[in-house]
Structure formats: structure tokens, C-alpha cells
Amino acid sequence: MAVVYEKTKGLTDVELHYCPGCNHGIIQKLVAEVLEEMGMLDTAIAVCPVGCSVFAYKYFSVDTLQAAHGRAPAVATGIKRCRPTQPVFTYQGDGDLASIGTGEIVHAAMRGEKFTTIFINNAIYGMTGGQMAPTTLIGQKTTTSQGGRTAEQAGMPIRMAEMLATLDGCVYAERVCVADIPNINKAKRAIKKAFEKQMNNEGFTFIEVLSTCPTNWGMTPIQAVQWMKDNMIPYYPLGVIKEKAMEV
Amino acid sequence: MKKEIIISGFGGQGGLAIGKNLVEAGMAEGLFVTWAPSYGPEMRGGTANCSVVLSDKPVGSPVFNHPTELIALNEPSLEKFEAGVLPGGVVFINSDVVTDKVSREDLKAIYVPCSKIAEEVGNPKVGNMVMLGAYVAQTKVLKPETIEHMIEEMFAGPKAKFIPLNIEAFRRGMACVE
Amino acid sequence: MEKELWKGNEAIAEAALRAGCDCYFGYPITPQSEVPEYMSAHMPKYGKVFVQAESELAAINMVYGAGGAGLRAMTSSSSPGISLQQEGITYLAGAEVPCVIVNCMRGGPGLGTIQPGQSDYYQCTRGGGNGDYRTLVLAPSNIQETVDCIQEAFDIADQYRNPVMVVMDGLIGQMMEPIEWKPYKKRELAPKDWAATGRYGREEHNIINSLYIDPELCDVHNKHLAEKYALIEKNEVRWECIDCDDAEVIITAYGTPARIALTALENLRAQGIKVGLFRPITLWPFPEKALHDLVGNDNVKVILDVELSSTGQMIDDIRLAVEGRKPIRYLGHAGGVMPTVEEICETAINALKEVK
Numbered sequence: 000m001a002v003v004y005e006k007t008k009g010l011t012d013v014e015l016h017y018c019p020g021c022n023h024g025i026i027q028k029l030v031a032e033v034l035e036e037m038g039m040l041d042t043a044i045a046v047c048p049v050g051c052s053v054f055a056y057k058y059f060s061v062d063t064l065q066a067a068h069g070r071a072p073a074v075a076t077g078i079k080r081c082r083p084t085q086p087v088f089t090y091q092g093d094g095d096l097a098s099i100g101t102g103e104i105v106h107a108a109m110r111g112e113k114f115t116t117i118f119i120n121n122a123i124y125g126m127t128g129g130q131m132a133p134t135t136l137i138g139q140k141t142t143t144s145q146g147g148r149t150a151e152q153a154g155m156p157i158r159m160a161e162m163l164a165t166l167d168g169c170v171y172a173e174r175v176c177v178a179d180i181p182n183i184n185k186a187k188r189a190i191k192k193a194f195e196k197q198m199n200n201e202g203f204t205f206i207e208v209l210s211t212c213p214t215n216w217g218m219t220p221i222q223a224v225q226w227m228k229d230n231m232i233p234y235y236p237l238g239v240i241k242e243k244a245m246e247v
Numbered sequence: 000m001k002k003e004i005i006i007s008g009f010g011g012q013g014g015l016a017i018g019k020n021l022v023e024a025g026m027a028e029g030l031f032v033t034w035a036p037s038y039g040p041e042m043r044g045g046t047a048n049c050s051v052v053l054s055d056k057p058v059g060s061p062v063f064n065h066p067t068e069l070i071a072l073n074e075p076s077l078e079k080f081e082a083g084v085l086p087g088g089v090v091f092i093n094s095d096v097v098t099d100k101v102s103r104e105d106l107k108a109i110y111v112p113c114s115k116i117a118e119e120v121g122n123p124k125v126g127n128m129v130m131l132g133a134y135v136a137q138t139k140v141l142k143p144e145t146i147e148h149m150i151e152e153m154f155a156g157p158k159a160k161f162i163p164l165n166i167e168a169f170r171r172g173m174a175c176v177e
Numbered sequence: 000m001e002k003e004l005w006k007g008n009e010a011i012a013e014a015a016l017r018a019g020c021d022c023y024f025g026y027p028i029t030p031q032s033e034v035p036e037y038m039s040a041h042m043p044k045y046g047k048v049f050v051q052a053e054s055e056l057a058a059i060n061m062v063y064g065a066g067g068a069g070l071r072a073m074t075s076s077s078s079p080g081i082s083l084q085q086e087g088i089t090y091l092a093g094a095e096v097p098c099v100i101v102n103c104m105r106g107g108p109g110l111g112t113i114q115p116g117q118s119d120y121y122q123c124t125r126g127g128g129n130g131d132y133r134t135l136v137l138a139p140s141n142i143q144e145t146v147d148c149i150q151e152a153f154d155i156a157d158q159y160r161n162p163v164m165v166v167m168d169g170l171i172g173q174m175m176e177p178i179e180w181k182p183y184k185k186r187e188l189a190p191k192d193w194a195a196t197g198r199y200g201r202e203e204h205n206i207i208n209s210l211y212i213d214p215e216l217c218d219v220h221n222k223h224l225a226e227k228y229a230l231i232e233k234n235e236v237r238w239e240c241i242d243c244d245d246a247e248v249i250i251t252a253y254g255t256p257a258r259i260a261l262t263a264l265e266n267l268r269a270q271g272i273k274v275g276l277f278r279p280i281t282l283w284p285f286p287e288k289a290l291h292d293l294v295g296n297d298n299v300k301v302i303l304d305v306e307l308s309s310t311g312q313m314i315d316d317i318r319l320a321v322e323g324r325k326p327i328r329y330l331g332h333a334g335g336v337m338p339t340v341e342e343i344c345e346t347a348i349n350a351l352k353e354v355k
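Protein chains in written order, with numbering that gives the first Met the number 0: chain F, 0 to 247; chain C, 0 to 177; chain E, 0 to 355.
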């Protein structure tokens with residue numbers, strides 16, 4: 000019988016713990032497929048965050064470090080500087096990257112650290128049970144913004160891809176989502192491009208993936224996808240935010 | 000033999016360098032030496048100072064309140080440290096900067112016109128070497144040849160033209176002490 | 000071997016290079032900034048990695064990354080910066096990542112002073128981070144010993160897969176002394192087959208991790224760590240006794256205060272007063288048994304602890320070792336004020352009078 004689909008070797012056989020409708024599984028699969036397709040499963044080193052994807056070290060089949068909350072970009076800096084020929088990436092959520100770890104991500108991007116960051120933005124804290132994130136939308140109800148986020152109380156949501164794109168060390172920033180097949184394909188192409196640029200030593204590469212959290216949003220998976228499209232994409236526009244031409 | 004020396008002056012006057020020269024020469028002669036920068040409350044009041052120990056035994060404390068000798072390059076230094084000098088100790092004073100005299104009668108005071116001699120020798124920067132000469136001549140803990148050899152090494156290569164100048168300054172400093 | 004004159008902080012950096020330190024991550028803070036300065040100038044020459052991190056927090060996490068990827072990694076800082084690194088240190092301990100951390104201590108609390116201090120004793124030996132963990136803490140008292148400690152610290156860290164701290168008060172970092180570069184006999188070390196180096200054909204992927212969400216697994220992990228700490232306590236404890244055999248007063252001190260105490264001891268002995276010096280070289284593991292046994296001698300009448308700390312911190316470990324059998328007196332200053340030789344002599348004489 001002809002093989003039409005095979006699970007990527009970039010993932011282990013450990014069962015994912017993610018909630019139904021969560022996008023982490025799809026995104027991790029895309030990263031793993033890219034690593035496999037680029038022949039990097041033997042050389043890649045992953046850095047996993049604190050948050051829902053804290054167990055990603057069990058899922059990726061590459062060597063992995065589990066970092067303290069927000070510190071993955073510093074950990075990745077330590078690895079990549081010492082192992083400059085190997086692919087290194089961080090996989091971080093919005094609480095990890097856009098809140099507690101803003102210092103680390105901004106300075107890693109500023110220094111043009113040659114690793115790739117996959118940033119999962121689902122506008123909420125998942126693992127701790129649905130608290131407000133820096134990326135939570137205005138009016139969005141969470142357990143720490145029960146009447147809906149207000150700009151007066153919490154400021155406006157942060158657009159990390161745009162912010163990091165202002166730094167010269169960041170050579171590539173793209174925002175994608177995995178809400179449907181065309182977007183999943185686009186997301187994979189973006190991830191692959193980021194790793195290619197990393198392996199070309201171009202600089203810091205950043206992929207923001209808009210994601211859903213049906214459990215903490217209080218929705219069905221299908222409602223969550225629709226809500227993401229209707230509410231998140233208008234505030235967090237998809238597409239290439241920055242692509243610096245390679246210097247010859 | 001154990002010398003505990005405080006060298007103190009304005010930052011930039013070269014007091015720390017005199018200290019460094021002393022420990023380098025001491026080390027060359029096989030002595031146990033330490034050099035410690037100013038610490039604690041001594042940091043206040045516009046002086047930069049260092050504590051130097053030259054000893055024929057391993058050095059315990061690198062810091063002390065009662066030096067055997069004080070080298071005072073400015074007035075605040077004399078004011079601050081004179082009282083602490085061990086009875087019978089020696090105070091070396093840059094008399095071109097410090098107009099006050101040593102007030103204690105149980106101390107020997109040596110007034111060295113460092114700046115004037117340095118200018119006569121031809122370079123105002125060699126005032127430190129003048130003071131070093133006075134210290135070596137008075138205390139006799141280090142051989143003059145050791146210092147002169149050290150000067151030759153310090154200015155080896157392209158800076159060799161500074162050697163005669165520094166040696167001259169050092170010898171003129173020695174001559175300040177009868 | 001010829002002696003060379005070195006400033007403490009620069010000697011630390013050079014010693015680390017000679018010990019095969021692959022990478023250094025740090026952030027400027029007085030009084031240890033000469034370490035990153037020296038590293039920035041010299042590491043690239045040897046193809047080694049220097050990064051000035053955006054904070055001590057980032058620096059310790061870079062150490063975690065590099066150490067976890069199998070490299071000899073180091074950072075250095077001074078007290079407030081070490082406070083900031085506590086998060087990273089507990090992760091390093093939990094994930095069993097070896098590294099060397101130098102703490103050139105200054106006075107606190109808070110911003111405190113840039114002058115020498117020893118008030119990080121608790122932070123270093125008890126762990127300022129969360130969880131049951133220990134870092135091996137070496138506390139040299141002169142530059143030669145510092146250099147020797149730094150070189151060995153990397154081996155100890157690798158042998159036990161544990162962070163090793165080298166702590167000294169800021170004076171040791173700032174002073175100059177002659178040292179010899181002794182040939183260092185490296186320990187026999189197992190290959191780092193646990194490190195996240197990239198799989199390179201390895202069947203299983205290596206994971207550097209301190210998360211054990213299953214309570215039983217977390218318990219097992221903690222037991223494993225506790226066994227390791229017991230082994231370190233057995234193998235690595237170090238101290239020095241000077242003139243303790245017939246001593247009636249035992250002065251306990253480490254770092255610069257131990258040197259000041261040594262001069263005081265010479266003065267007191269010259270007066271016929273029987274004083275000894277007990278100097279812990281490892282603060283953790285603390286030389287508890289050695290002090291316990293020493294204090295048991297009938298001739299010992301009183302213990303005088305001297306620290307650069309207003310309240311005393313090591314004194315807690317001394318109390319544990321003394322077990323209430325002999326009186327303990329304390330002399331300490333903070334803020335960079337050094338206990339003087341005269342003060343130590345006077346306190347020792349008075350302490351002896353009181354108990355006799």
C-alpha cells in the first residue's frame with residue numbers, strides 16, 4: 000500500500016496534552032516537519048518555555064532545554080553563541096515572551112542573535128487558567144479582566160512582531176495563523192524561511208503565530224477559530240512585517 | 000621586616016602608581032607584598048589612596064589603620080592619616096602641594112619637592128619617581144638597583160627614551176634624604 | 000615558577016580561561032567589572048564566547064543554555080546582581096547544569112555599597128532561589144587561592160553536574176598580589192553524554208529540565224539531588240586551621256577578615272595569648288565536623304566569629320557545629336568597614352576574660 004502520510008520524525012510518540020481545538024499541536028508539527036525536511040533533526044536544539052507548551056521537550060525529538068519563564072531567548076543565546084553552526088529555536092507563548100520575557104526577547108533581537116523564535120499568541124494565559132496577557136484584546140474577558148480589558152487599566156495590546164521588526168538585528172518577522180489549510184501552508188513556509196535565514200547567518204528571525212485557546216476563551220474549537228479570525232487578525236494583521244534583504 | 004605603607008593623594012596624582020611600583024620592586028626582591036585600593040570610609044573626602052605591605056613573611060591583613068610610613072601627596076591625606084601613623088613612623092610629604100607640616104613630634108617628616116624636581120628633570124609626570132626615591136633612600140627596604148632595573152623594564156622598547164628621565168628623577172628623590 | 004603581580008578580578012578571569020572556560024556571560028557591576036572587561040578583551044582571541052548580557056538575569060540564563068549544551072560556562076557578578084541570578088541558579092541546580100558563578104561581594108541590603116561585604120553568606124549557602132538545592136561555595140582568602148579555586152571550580156561543577164560559586168569580598172577582587180600559575184591537575188571527568196548538544200545519531204533526545212510535574216517523580220528527583228549533596232559534603236569540604244591545637248580562643252573567619260584575623264593572631268600569640276584561626280574554605284559544605292571536633296577540645300574556652308556583616312551570617316553554621324558547648328562572641332562590620340587587627344585583639348582578650 001502506498002504511504003500517503005507519515006508522522007514527522009521531528010516529533011516523538013508521546014501523546015500531546017493540549018486541549019481539543021488548541022493550535023499548539025499543529026504549530027509544533029509544522030516546526031518538526033520543517034526541521035526534518037531541512038535535515039536538521041540531528042543538529043537542532045530547542046528551547047521550551049513556561050506556559051502551555053512547557054512539555055514541548057517531550058514532543059520534539061531534538062535535544063531540548065526547558066527554560067525559566069521568559070528566559071528562553073537568553074538560554075538560546077548561550078547555546079547558539081557556543082554552537083554557531085547548529086539550528087537553535089525558542090518556542091514561546093505570549094505570557095512568556097510578551098510579558099515576563101520582554102527584556103530577553105528584545106535584547107536577543109537587538110543583538111541579532113542567529114536563532115529563530117516561534118511566538119504563539121493566543122491573547123490569554125492558558126496554563127494558569129485564563130488570565131489576561133499583554134496581547135489580550137480590548138474588551139476581551141479573562142479571569143483578571145472580568146469586565147473585559149480596558150486601555151485605561153491595562154494599556155493597549157502589544158504587537159510583538161511589529162515591535163521587534165524595528166530592531167536592526169531582526170532580519171525577518173512574519174505573522175501567520177493556522178486557522179485553515181491555506182494558512183497552515185503559509186505558516187509552514189514562513190517557519191521554513193525563518194530557519195533558512197537562520198542557517199544563512201542573517202540574524203534574528205521571528206514568526207508570530209496567532210492561535211486559539213477554546214478552553215480559556217470559553218468557546219468550541221470552531222467558534223474559537225472564527226473569533227480569532229474576526230477579532231485577532233484585524234488587530235494583529237497577518238503577513239510579512241519585515242524582511243531584510245540579505246547583505247551581499 | 001614588615002612595612003605597612005599608606006600612599007594617598009588626589010586621584011590622578013599617581014599615588015596608586017607609587018604603590019604599584021613599591022610592590023613590584025618588593026616582589027622582585029622576593030618579599031611578600033600586597034596592594035589594596037582605598038576601602039570603607041577612607042573613600043570619602045577627595046583622596047585616592049592605597050595600602051601596601053612589604054614583608055619578609057606571608058602577608059596576613061592587607062589593610063591596616065596604623066601605617067609604618069605615610070606618603071601624603073595632598074593636604075587632606077596628611078590630615079586624614081597622620082594621626083594613625085605608628086609612633087616612630089615616617090611621613091613623606093609632597094611639599095610642593097602640601098604647605099602644612101607634620102604636627103606630631105614622634106614622627107619623622109620628610110618634605111620632598113616632587114613637582115619642582117620633576118620640572119627640573121624635564122617632565123612634570125615623573126614626580127612619583129622622585130617620591131619613590133625618597134622612600135627607598137629613607138627606609139632602605141628596597142635596593143635602588145631594583146627600582147632602576149624596574150624602570151628599565153617599564154619603559155622597554157619604543158618608550159626607552161623615558162628611562163634616563165625617570166632614573167634621574169628617582170636619584171634626585173633619593174638625594175632629598177640625608 | 001616565577002611570580003606575577005595580578006589584580007584579583009583580572010586573575011579570576013585569566014584563571015577561568017586557563018581552566019578551559021568556553022564562554023562567559025556577564026553584566027557590569029562594581030566591584031567586579033574587571034572580570035567582564037578582561038574576558039571581552041581576551042576570550043575572542045582564543046575563539047571563545049563573550050557576551051555582555053542585558054542583565055544578570057539574562058546572563059545566568061545564557062550560562063544555563065551554554066552549560067546545558069555541554070560547554071564550560073561562567074558568569075560573575077556582585078551581590079545585587081547575584082540576587083537577580085537566583086532564579087537561574089535554582090534552575091541550573093534543578094536541571095543539574097554545571098557552571099561557575101563568581102560573586103565579588105559588596106555590602107547590602109538593597110543597593111548597599113560598592114565596598115567589600117560578606118552579607119551574601121545566606122544567599123550563597125542556603126540558596127536564594129526556590130527549592131531544596133545547594134551550590135558548592137568556595138571562599139578563598141587571597142588571590143593565589145582564588146586562582147586555584149577558579150580552576151578547580153570548573154572540574155567540581157562538571158564532576159557533580161552542579162553550579163559552583165566562588166565568593167570573595169570585593170577587596171580580594173580589587174587588590175593586587177603576586178601569584179604563581181601552578182600547573183593544574185585536571186580531575187578525571189566523565190563525558191557530558193547528558194548535554195543537549197544536538198543528537199548526532201543518538202537514539203534518544205537529551206532534555207535539560209527541572210520540571211517534574213508528577214509528585215512521585217519530583218520526590219525521586221529531589222532524593223537524587225540530596226544524595227548528590229551528601230556526596231559533595233563527604234568529598235569536597237575544606238578548611239584551614241592555624242595554631243588551633245592549644246588555642247583557648249578560636250577565631251572563625253573567611254576571606255579578608257580571615258587575613259586580618261591572622262595578623263591579630265600573630266599579635267596575640269606574641270603576647271602569650273593562645274589564639275587559633277579556623278577558616279572555612281568551603282562555605283557549603285561547611286566544615287561542620289571539623290569545627291565540632293575542634294571545639295570539643297578542653298582547651299577551647301570561647302569562639303570569636305568575625306565577618307563583614309552587621310548581624311553575622313556564617314555564625315549560624317558555627318552555632319550548629321558548636322552545639323551550645325562553648326560560648327560564641329561576634330565581631331562584624333558592614334558597609335565596607337573592615338574589622339581592625341586591634342579590634343579583633345581586644346575582642347578576643349575580652350571574650351577570654353569573660354569566660355575564664
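For glycine and all other residues, C-beta sits at the position ideal for the given N, C-alpha and C.
- Contact check between the region 325-337 of chain E and the region 294-309 of chain E: three or more CB pairs, one atom from each, fall below 8 Å, which counts as touching.
- Listed by position along chain E, the residues whose Cβ is nearer than 8 Å to that of Ile44(F) are Ala68, Ala195, Thr196, Gly197.
- Taking 8 Å as the Cβ-Cβ cut-off, the region 41-58 of chain E approaches chain F at Val48, Val50, Ala52, Glu53, Ser54, Leu56, Ala57, Ala58, given in chain order.
- At a C-beta separation below 7 Å, Glu23(C) has these neighbours in chain E: Leu4.
- At least one C-beta of chain C is nearer than 8 Å to the C-beta of Val340(E).
- Ser98(F) has a beta carbon lying at 8 Å or more from every beta carbon in chain E.
- Among the residues facing chain C, Ile259(E) is included, as its CB has a counterpart in that chain under 8 Å away.
- Judged by DSSP secondary structure, Phe194(F) falls within the alpha helix (DSSP H) whose first and last residues are 180-198.
- Listed along chain E are Gln173, Met174, each with a C-beta nearer than 8 Å to that of Pro36(C).
- Ranked by how close their Cα comes to the Cα of Asn199(F), the residues Ile137(F), Glu32(F), Lys113(F), Val49(F) have Lys113(F) in first place.
- For Gly64(E), the uninterrupted alpha helix (DSSP H) segment begins and ends at 55-67.
- By the neighbour-count criterion, in which 16 or more other beta carbons inside 10 Å mark a residue as buried, Gly200(E) falls on the exposed side.
- At least 8 Å separates the CB of Tyr58(F) from every CB of chain E.
- Residues are counted here when their Cβ sits less than 7 Å from a Cβ of chain E; for the region 44-58 of chain C the count is zero.
- Nearest Cα to Lys196(F) within the set Leu163(F), Lys243(F), Thr134(F), Ala178(F): Lys243(F).
- Minimum Cα-Cα distance from Met164(E) among the listed residues Val101(E), His204(E), Ala52(E), Gln117(E) corresponds to Val101(E).
- Comparing alpha carbon positions, the residue from Gly69(F), Leu136(F), Ala31(F), Leu15(F) closest to Pro86(F) is Ala31(F).
- Not one beta carbon of chain E lies nearer than 8 Å to the beta carbon of Leu166(F).
- A check of alpha carbon separations from Val50(E) across Gly24(F), Gly77(F), Gln27(F), Ile190(F) identifies Gly77(F) as the nearest.
- For Cys20(E), the closest Cβ of chain F is not nearer than 8 Å.
- Here DSSP, grouped into helix, strand and coil, assigns Cys176(F) to strand.
- As the crow flies, the alpha-carbon of Lys79(F) is around 27 Å from that of Ile157(F).
- DSSP, reduced to helix, strand and coil, places Val305(E) within a strand of the structure shown.
- Chain E has a Cβ within less than 8 Å of the Cβ of Leu40(F).
- For Thr145(E), the enclosing alpha helix (DSSP H) stretches over residues 142-159.
- The beta carbon of Met26(C) sits closer than 8 Å to some beta carbon of chain E.
- In the assembly as shown, Leu230(E) is an exposed residue. Its beta-carbon has fewer than 16 other beta-carbons within 10 Å.
- A distance below 7 Å between beta-carbons, with the five flanking residues on each side excluded, links Leu40(F) to the following residues of its chain, in chain order: Lys8, Gly9, Leu34, Ser60, Val61.
- Glu86, Gly87, Thr89, Tyr90, Ala94, Val96: these are the residues of the region 86-112 of chain E whose beta carbon lies less than 9 Å from some beta carbon of chain F, given in chain order.
- Linking Cys344(E) to Glu177(C) through their CA atoms gives a straight-line distance of about 38 Å.
- With contacts defined by Cβ atoms closer than 8 Å, Val129(C) and Gly88(C) do not form a contacting pair.
- At least one C-beta of chain E is nearer than 8 Å to the C-beta of Val32(C).
- DSSP places Tyr171(F) in the strand class (E or B) of the three-state scheme.
- Around the beta carbon of Arg278(E), 16 or more other beta carbons lie within 10 angstroms, which makes this residue buried.
- The C-beta distance from Gln143(E) to Arg17(E) rounds to 14 Å, too long to meet the 8 Å contact threshold.
- Taking C-beta separations shorter than 8 Å and ignoring five residues to either side along the sequence, the partners of Leu106(C) in its chain run Glu81, Val84, Pro86, Gly87, Gly88, Val89, Val90, following chain order.
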